[in-house]
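To keep things clear, I will list the structure first and then write my remarks on it.
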Amino acid sequence: MSTSRHLVPLAALASGLVFGVGLSLSGMLDPVRVRGFLDVTGAWDPSLMFVLGGAVVVSAIGYQIARRLARPAFDSAFHIPTGKRIDRKLVLGSILFGVGWGLGGFCPGPAVASLSLGLAPVALFVATMLLGMLAHARLFPDPASPTPPRPG
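Each residue of the sequence shown is one higher than the one before, starting from 1 at the first, in UniProt numbering.
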């Protein structure tokens, strides 16, 4: 096993820790604050716009760097989405994601990071989110994904 292969888990851990700390510092782990941001007709809390703006800036810089590199450090190629079609599946998924975010006050990243708080409602949210992901994968398999071998 090459030396860079040993670094993959460490790089993933470091990325996850930086992401989690950033979510915590920004207030994204507080569902009340997130719902306040989404409540544009009531007591709107615009503070999370700075978080979203910062994420866009970091992402834009990352894409510019990626365009100049031959390949990432720990993979043979960059896996950048190429789809540009806006179809029914995308629109319905976006609506479902938005409704879930509004009702729960979490999106997947902050929900997983919030597990560190040890709160039962967060664990319930993450469990039902995972069940929804599994149900979707079973009901609507992605034809582009490789099918794992079945035992037997």
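Glycine included, each C-beta is placed from N, C-alpha and C at the ideal position.
By how many angstroms is the C-alpha of residue j removed from the C-alpha of residue i?
{"i": "Gly-53", "j": "Ser-26", "result": "12 Å"}
{"i": "Met-28", "j": "Leu-115", "result": "13 Å"}
{"i": "Leu-119", "j": "Gly-102", "result": "19 Å"}
{"i": "Pro-72", "j": "Tyr-63", "result": "12 Å"}
{"i": "Val-57", "j": "His-79", "result": "20 Å"}
{"i": "Phe-74", "j": "Leu-7", "result": "8 Å"}
{"i": "Gly-104", "j": "Gly-93", "result": "16 Å"}
{"i": "Gly-83", "j": "Ser-47", "result": "31 Å"}
{"i": "Arg-138", "j": "Lys-89", "result": "16 Å"}
{"i": "Leu-38", "j": "Val-91", "result": "19 Å"}
Given that a residue counts as buried once 16 or more other Cβ atoms are within 10 Å of its Cβ, and exposed if not, what is residue i?
{"i": "Val-40", "result": "exposed"}
{"i": "Gly-20", "result": "buried"}
{"i": "Pro-31", "result": "buried"}
{"i": "Val-112", "result": "buried"}
Out of the options, state which residue places its alpha-carbon closest to the alpha-carbon of residue i.
{"i": "Pro-108", "options": "Ile-95, Leu-130, Leu-92", "result": "Leu-130"}
{"i": "Pro-110", "options": "His-136, Leu-23, Pro-121, Ala-11", "result": "Leu-23"}
{"i": "Pro-121", "options": "Phe-106, Ala-135, Leu-134, Gly-132", "result": "Phe-106"}
{"i": "Val-34", "options": "Gly-98, Ala-12, Val-91", "result": "Gly-98"}
{"i": "Ala-77", "options": "Ser-15, Arg-85, Arg-68", "result": "Arg-68"}
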